[in-house]
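Read the structure below first, then the notes.
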Amino acid sequence: AAAAAAARAQRRGDADSDHRCLRGDWRARDLVSLPDPGVGMGLVGLRSIPVVGLESERDHLWNELRSVIAHGEQRVVFIKGQTGSGKTRLARWLTRSAHRRGLAQYAMADLRGEVEQGASLASALASHIGLDASMSADEALLVVASHLSRHRCDGVMARRAYLSAFDSVLSQIERTQSSSDEERRETFGELVSQLAQKKPMILVLDDFVHDESALGFVEQLLGQANAPYLIVATYRDELLASDERHQGLHR
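If you want it as structure tokens, here you go:
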């Protein structure tokens, strides 16, 4: 009972801290100023080009994040534009700004030109929990078991599901029991929810129209409303215009 009360008090303290950070806008000086994460923390690109202007767009993204954190809800934000218009840079600005203030964790998946559907998403989430392509099967199992144990959902079946879902990332593991697309999406959805229950999460899907499995993943995430996360999906105008399913999600 005492441990449960302490955990509740810690969550209230974390929430109060987040709310203090969110009272101002993104122009306010960082209250926490955490360093950028390194390998294994879902970072894509250590050096970023500063965003200049785009204040209304940044206001909108920041307000969406504020709503996610304040209400513990799930939201999807779309950033559209032509190639080279700064969509990815804007998404990275949000993730870095939120992380530096201690407000959210994040993972970024670049879906452009991937050879295998879902591979970029798997790579981004694997990096976020510390999985690496060079790991042996035993090393990967230890990382997965450690993650599941922290979230109190460890077990033989859960471990197998994770290793199977990440088989495109873990080159040292034989792909004899690869997950179906549906099973992989379910595992990734559980993972995002587990992470977001500890701290709000921003998941960036860059050029997500290129990956049909990413669309199914977003639809699934929106159907499991149990943790605070913001999905930021970027796309090019000309690609969305010919895809009715993506247009429906956008509406």
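So for the sequence shown, the working numbering puts the first residue at 52; every next one is plus one.
Ideal Cβ placement from N, Cα and C applies to all residues, glycine included.
Item	Value
Endpoints, alpha helix (DSSP H) assigned at D232	232-249
Three-pair Cβ contact test at 8 Å for the region 205-223 versus the region 258-272	no
DSSP bridge partner residues for L162 (one or two, in chain order)	Partner(s): none; L162 has no beta bridge.
Cβ pair A191, L176 closer than 8 Å	no
Pairwise C-alpha distance: W144 and L254	13 Å
Of the listed residues G181, P279, G274, nearest to R117 (C-alpha basis)	P279
Reference G123; option with closest CA among I130, E115, D189	E115
Residue closest to L172, alpha-carbon to alpha-carbon, out of V102, L105, E237	E237
Element boundaries [alpha helix (DSSP H), containing Q271]	263-273
Under the three-state DSSP convention, the category F217 falls into	coil
Spatial distance of E233 from L154 (CA atoms)	31 Å
Own chain residues within Cβ distance below 8 Å of G240, not counting five before or after	F268, Q271, L272, Q275
Span of the alpha helix (DSSP H), counted from its first residue to its last, around D110	106-122
Identity of the residue in S107, S200, D161 nearest L246 by Cα	S200
Member of P251, A158, E108 whose CA lies at the smallest distance from the CA of A121	P251
Range of the contiguous alpha helix (DSSP H) that encloses R287	Segment: none, R287 is in no alpha helix (DSSP H) and carries neither H nor E.
Those residues which DSSP pairs with D257 across a bridge	D161
Helix, strand or coil at M208 [DSSP, three-state]	helix
Closest Cα partner of E263 within the set G137, Q133, G169	G169
Residue(s) in a DSSP beta bridge with M252	Q156, Y280
Cβ-based burial, M159 [other Cβ within 10 Å; buried from 16]	buried
Simplified DSSP state of D203, which is helix, strand or coil	It is Arg, not Asp, that sits at residue 203 in the sequence shown. It is coil, neither helix nor strand.
Run of the beta strand (DSSP E) containing V127, from where it starts to where it stops	125-131
Candidates A184, L242, Y157, A142, of which the one nearest A212 by Cα	L242
Contact belief for V102 with L281 at Cβ below 8 Å, rounded distance in angstroms	Actually they do not touch by this definition, with Cβ atoms about 17 Å apart.
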